[in-house]
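Residue numbers (the numbering used here): 5 to 586.
Data block below; observations after.
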RNA sequence: GCGCCCGUAGCUCAGUUGGAUAGAGCAUCUGCCUUCUAAGCAGAGGGUCCUGCGUUCGAGUCGCAGCGGGCGUACCA
């Protein structure tokens, strides 16, 4: 927040000197080493080079013209022409006071607000949600929370896989294999089972292969596509049952969608999409299919995209194009974000390229936010011992169970219900944190031990710091005292190194949240919160709070109060809650 | 073949328009609980940032070439 003011004054000073300079390249960023200061700019070096000036001399002259006395110590020029800024304690105290009065929480919204559609999670009907869905769900939800926090209008849409050739087999299975008791017990497991049975009969290299079943599956699919009332009713029922199970998971994860418009929602639009693409000459017939070619795009030259298959059926490219057009017509978004696996990069390049040709008038930014795979300890994609996908519900159960074991060990005297609630919050938080902490583009190795470790950069560490703050205020309340942040702010004083370090950390929150939004990388926020929690525990060890004398005592309480709010807000942006105690 | 990603401490990984002496956790070692939660803190050791060449005042970061690994690549999504 103070960084922004420094940057603005720097840009103004540069423009006074060079009216034609580009302010977008005049940036102030955190110092890599706190010995140099809190913030620095290196933009003047490049600026001087362009204009054949001496960089150090230019830096010295600009630094003298900044008018930063209310915010920083006198700026220092260093090395080849860096300018280093050190925040004044009074400026930090004033910032904390404004936060105490509720004027901000160390983060300012983006202006102007934008409309952003986020497409994430997208599980398939009649299949259990498994680890393959976790990153999309958690990352997408986190980005939605971040962008909303920055003041944008966010529309989340769960593009369910509720249509496709698998329904031919599912319909045969429903009519010939269904065990209604099993369906009542665990609908998805039963749908999965009947699918497997029929799929085995349809596949030619299976010992159960039966050409008649394959034929029947095709016939049932055609009937569904033609609107046969019985098949449509069964199909709707399968969607309903699946959504109940998805919703149970989303409730546990505290994930919400504004819309759930599955693939089938776009069925009516598909023929029109293809007709329009043909009319505009964007696709043409090739080997019986209708295909878009990209001879003028080097990366896509060797990768044409099929928009209608030889047999006349549409595929996911067609559906995604219809979806894009619908979203544009309905919400006029400034941006549409797709959160999927990195393996779909080529697909989205093709879809975006086709859409640009199809609707060149649409200015919407199209973004594919992709992520790597979750691997087992053997370096291969994570599976159960029997080679199945790990079900998300099982994974969440185990996270909570493991957390419960630790809670019981650490807090044997708490009531069992409290232990379970604490374990639930920690377990779910640990899963989310472990997923958001790695750079999203890298594959990461899933490890229970690391995820629920009690130290290191983990959810329990952050939650522990937060509950220690809660504990301080609980003690205060038990003593019958009331804490008034505004009154504390009026006489706040920061002198101890760990106090000042904490205040500086709070000030940086704004920078980090904006960096997350700009690059779609929640791991920046994870690392920030870890540092904030670390700065708090260092302060906690060095500075008694309740036992100190006024006015130090209320200043430290104010720090605790604000650190808790930022931890709570930051963890909230990751979709993670804080237990009452640990 | 073409395209994308990765290669950083023994292990798992961060590393923000290119920025100063490359960071963290785990593991190893040394201290710290009669004081607000030790699920903690303070400290130590540990590096040819895959290799080479180039651009630059400055390269883990950018470009080119190579090596090693993962993934994608015409009718699944």
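From the three backbone atoms N, C-alpha and C, an ideal C-beta is built for every residue, glycine too.
Small disclaimer: the values here were computed from a predicted structure and weren't measured.
Q. Could you give the residue range of the alpha helix (DSSP H) that holds residue 351?
A. Counting from one through the first chain, the residue named residue 351 turns up at place 347. Segment 349 to 362, the alpha helix (DSSP H) holding residue 351.
(Q) Report the CB separation of residue 136 from residue 122 in whole angstroms; it is logged as a contact under 8 angstroms. (A) Counting from 1 along the first chain, the entry for residue 136 is found at position 132. Counting from 1 along the first chain, the entry for residue 122 is found at position 118. Wrong, their Cβ atoms sit about 18 angstroms apart, outside the cutoff.
Q.
Along the chain, where does the beta strand (DSSP E) containing residue 158 start, and where does it finish?
A. The count along the first chain starts at 1 and reaches residue 158 at position 154. Per DSSP, residue 158 belongs to the beta strand (DSSP E) from 157 to 161.
Q: Determine the extent of the beta strand (DSSP E) in which residue 167 is found, giving its start and end residues.
A: Here residue 167 refers to the residue found at position 163 of the first chain. Here residue 167 belongs to no beta strand (DSSP E), and DSSP marks it neither H nor E.
Q: Name the residue from 206, 507, 258 whose alpha carbon lies nearest to the alpha carbon of residue 93.
A: As a position in the first chain, residue 93 is number 89, starting the count at 1. Comparing Cα-Cα distances from residue 93 to each of 206, 507, 258, the minimum goes to 507.
(Q) Is any non-hydrogen atom of the ligand GTP found closer than 7 angstroms to the C-beta of residue 33, if you look at the structure I gave you? (A) In the structure on display, the ligand GTP does not appear, and there are no ligands present to speak of.
Q. Helix, strand or coil: how does DSSP classify residue 446 here?
A. Reading the first chain from its first residue, position 442 is the one you call residue 446. Of the three classes helix, strand and coil, the one that applies to residue 446 here is coil, per DSSP.
Q. For the stretch 261 to 285, which segments carrying the alpha helix (DSSP H) assignment without a break, of at least 4 residues, lie completely within its bounds, in sequence order?
A. Runs of the alpha helix (DSSP H) lying entirely within the stretch 261 to 285, each at least 4 residues long, are 274 to 283 in chain order.
Q: Locate the beta strand (DSSP E) running through residue 573, then write down its first and last residues.
A: Looking up residue 573 in the first chain gives position 569. Here residue 573 belongs to no beta strand (DSSP E); instead the alpha helix (DSSP H) covers 556 to 577.
Q. Between which two residues does the beta strand (DSSP E) harbouring residue 44 extend?
A. Counted from its first residue, the first chain places residue 44 at position 40. Its beta strand (DSSP E) spans residues 43 to 45.
Q | Helix, strand or coil at residue 378 according to DSSP, with G and I counted as helix | A | Indexing the first chain from 1 puts residue 378 at position 374. DSSP places residue 378 within a strand segment (E or B) once states are collapsed to three.
**Q.** Bounding residues of the beta strand (DSSP E) (the contiguous stretch that carries residue 587)
**A.** There is simply no residue 587 to check, as the chain begins at 5 and stops at 586 in what is shown.
Q. Between which two residues does the alpha helix (DSSP H) containing residue 1 stretch?
A. Outside the displayed span of the chain (5 to 586) sits residue 1, for which this structure offers no information.
Q) Going by alpha carbons, who is nearest to residue 441 out of 463, 77, 422, 429? A) Indexing the first chain from 1 puts residue 441 at position 437. Ranking 463, 77, 422, 429 by Cα distance to residue 441 puts 463 first.
Q.
Can you list, in chain order, the residues of its chain with a C-beta nearer than 8 angstroms to that of residue 390? Leave out the 5 residues immediately preceding and following it.
A. Counted from its first residue, the first chain places residue 390 at position 386. Excluding positions up to five away in sequence, the list is empty.
Q: State the CB to CB distance for the pair residue 129 and residue 165, rounded to an integer number of angstroms; the pair is presumed to be in contact (CB under 8 angstroms).
A: Mapped onto the first chain, residue 129 falls at position 125. Mapped onto the first chain, residue 165 falls at position 161. About 6 angstroms; that satisfies the 8 angstroms criterion.
Q. Counting Cβ pairs closer than 8 angstroms, one from the stretch 337 to 355 and one from the stretch 109 to 127, do we hit at least three?
A. yes
Q. When the distance is taken between beta carbons, is residue 561 closer than 8 angstroms to residue 505?
A. Here residue 505 refers to the residue found at position 501 when the first chain is read from its first residue. Here residue 561 refers to the residue found at position 557 when the first chain is read from its first residue. Result no, Cβ atoms of residue 505 and residue 561 do not sit closer than 8 angstroms.
Q.
Please state the DSSP three-state secondary structure of residue 414.
A. Numbered from its first residue, the first chain carries residue 414 at position 410. Here residue 414 sits in helix by DSSP.
(Q) Applying the 10 Å Cβ sphere with the 16-neighbour rule, what's the burial state of residue 334? (A) Working through the first chain from its first residue, we reach residue 334 at position 330. Classification for residue 334: exposed.
Q: Indicate whether residue 167 and residue 329 have their beta-carbon atoms separated by less than 8 angstroms.
A: Here residue 167 is taken as the residue at index 163 of the first chain, counted from 1. Here residue 329 is taken as the residue at index 325 of the first chain, counted from 1. Their beta carbons are not under 8 angstroms apart, which means residue 167 does not touch residue 329 by this criterion.
(Q) So, at 6 angstroms on beta carbons, what are the nonlocal neighbours of residue 327 in its own chain, with the 5 sequence-adjacent residues on each side left out? (A) Start at 1 with the first residue of the first chain, and residue 327 comes out as number 323. 270.
Q | residue 350 burial status per 10 Å Cβ neighbour count (16 or more: buried) | A | As a first step, residue 350 must be located in the first chain, where it is residue number 346. Label assigned to residue 350: exposed.
Q | residue 203, DSSP secondary structure in three states | A | For the purposes of this step, residue 203 is taken as residue 199 along the first chain, with counting starting at 1. It is helical.
Q | residue 41 versus 470, 17, 75, 20, residue with shortest Cα-Cα distance | A | If you number the first chain from 1, residue 41 lands on position 37. The shortest C-alpha separation from residue 41 is found at 75.
Q: Identify every residue that forms a DSSP beta bridge with residue 344.
A: Taking the first residue of the first chain as 1, we reach residue 344 at position 340. DSSP lists 374 as the bridge partner or partners of residue 344.
(Q) Please identify the residue among 34, 26, 437 whose C-alpha is closest to the C-alpha of residue 10. (A) Sequence index remark: in the first chain, residue 10 carries index 6 (1-based). If we check each option's Cα against that of residue 10, 34 comes out closest.
Q: Assuming residue 187 and residue 174 form a contact by the criterion Cβ under 8 angstroms, report the distance between their Cβ atoms to the nearest whole angstrom.
A: Here residue 187 is taken as the residue at index 183 of the first chain, counted from 1. Here residue 174 is taken as the residue at index 170 of the first chain, counted from 1. The Cβ separation is near 12 angstroms, so there is no contact.
Q. Residue range of the beta strand (DSSP E) that residue 102 falls in?
A. Along the first chain, read from residue 1 onward, the residue named residue 102 stands at position 98. Not the beta strand (DSSP E): residue 102 falls in the alpha helix (DSSP H), residues 93 to 104.
Q. Does DSSP put residue 134 in a helix, in a strand, or in coil?
A. Your numbering for residue 134 matches position 130 in the first chain. Residue 134 falls in the strand class under three-state DSSP.
Q. Among the residues of its own chain, which have a CB less than 6 angstroms from the CB of residue 297, if the five just before and after it don't count?
A. Numbered from 1 along the first chain, position 293 holds the residue referred to as residue 297. For residue 297, where only same-chain residues beyond five positions count, the Cβ hits under 6 angstroms are 308.
Q.
Please state the DSSP three-state secondary structure of residue 181.
A. Taking the first residue of the first chain as position 1, residue 181 is located at position 177. Coil, per DSSP.
Q | CB contact flag (residue 5, residue 494, <8 angstroms) | A | As a first step, residue 5 must be located in the first chain, where it is residue number 1. As a first step, residue 494 must be located in the first chain, where it is residue number 490. Not closer than 8 angstroms, so no.
Q: Give me whichever residues DSSP pairs with residue 395 in a beta bridge.
A: Here residue 395 is taken as the residue at index 391 of the first chain, counted from 1. Paired residue(s): 134.
Q | From 380, 433, 375, 382, residue whose alpha carbon lies closest to that of residue 403 | A | For the purposes of this step, residue 403 is taken as the residue at position 399 of the first chain. For the residues 380, 433, 375, 382, the minimum Cα distance to residue 403 belongs to 433.
**Q.** Nonlocal neighbours in the same chain, by C-beta distance under 7 angstroms from residue 217, ignoring five residues either side
**A.** The residue given as residue 217 occupies position 213 in the first chain. Cβ within range, chain order: 176, 202, 205, 206.
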